[in-house]
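Structure first, then comments.
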Amino acid sequence: TSDSVAVLTPPTLESGPSNLEIRDQGKIVARVSATVSAAAPQLFAAVNADGSVNAINTPSARGSILVLYGTGQGVTAQPTSVQIYGYQADILYSGAVAGYPGLWQLNVRVPGGFLPPGTYPLTVNVGGALSASLYVSVI
396 TSDSVAVLTP
406 PTLESGPSNL
416 EIRDQGKIVA
426 RVSATVSAAA
436 PQLFAAVNAD
446 GSVNAINTPS
456 ARGSILVLYG
466 TGQGVTAQPT
476 SVQIYGYQAD
486 ILYSGAVAGY
496 PGLWQLNVRV
506 PGGFLPPGTY
516 PLTVNVGGAL
526 SASLYVSVI
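Below is the structure:
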């Protein structure tokens, strides 16, 4: 939106209170105080192993790979976990997306066995910081 700014912070920026300057062509257009968190994970999309966007009409099979995209993973390696409806999903990859600064990719295995078909909340926890739910469909 026109009243928000996405910021890619340098890895040396420490957590805690910080003063930020927003510049447009070198000119300061705003100053804001903000609290920098070690992690603030947020997921945007879930893509099935076949490349289709996960949705009610294109669910993931139990035991298949689901590719998640988001941001806010922080700049240091922190313990990360993914849950679908309270069931732990195995993380096969967690890292940057080449050519897209700040974009985070997680490849996870959809839990099998006890998870019945349906649409469920998926959350990621990074160092104790929990994302909002992203709903995914499984069969």
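Position in the sequence shown counted from 1, then plus 395, gives you the numbering used here.
Just so you know, even glycine gets a beta-carbon here, dropped at the ideal spot from N, CA and C.
Subject >> Assigned exposure category for isoleucine 423 - 16 Cβ within 10 Å defines buried >> reply: exposed
Original post:
Beta-carbon separation of serine 490 and glutamine 500 under 8 Å?
Top reply: Here residue 490 turns out to be glycine, not serine, going by the sequence shown. Contact check for glycine 490 against glutamine 500 passes: the beta carbons are separated by less than 8 Å.
Original post:
In chain order, what residues of the same chain lie with their CB nearer than 8 Å to the CB of isoleucine 417, ignoring the 5 residues before and after it?
Top reply: If we look at isoleucine 417 and ignore the five residues flanking it on each side, its Cβ neighbours are Val400, Ile423, Val424, Ala425, Arg426 and Val427.
Subject >> Residues bridged to aspartate 485 (per DSSP) >> reply: Arg504
Original post:
Are the beta-carbon atoms of glutamine 437 and glycine 465 separated by less than 8 Å?
Top reply: Yes, the Cβ-Cβ distance between glutamine 437 and glycine 465 is below 8 Å.
Original post:
Taking DSSP as the reference, what is the three-state secondary structure of leucine 463?
Top reply: strand
Original post:
Just how far apart, CA to CA, sit proline 506 and alanine 493?
Top reply: Computed Cα separation, rounded: 27 Å.
Original post:
Does DSSP put glutamate 409 in a helix, in a strand, or in coil?
Top reply: DSSP places glutamate 409 in coil when its eight states are reduced to three.
Original post:
For tyrosine 530, which three-state DSSP category applies?
Top reply: strand
Subject >> Buried or exposed (CB count within 10 angstroms, at least 16 for buried), serine 410 >> reply: The residue is exposed, with fewer than 16 neighbouring Cβ atoms inside 10 Å.
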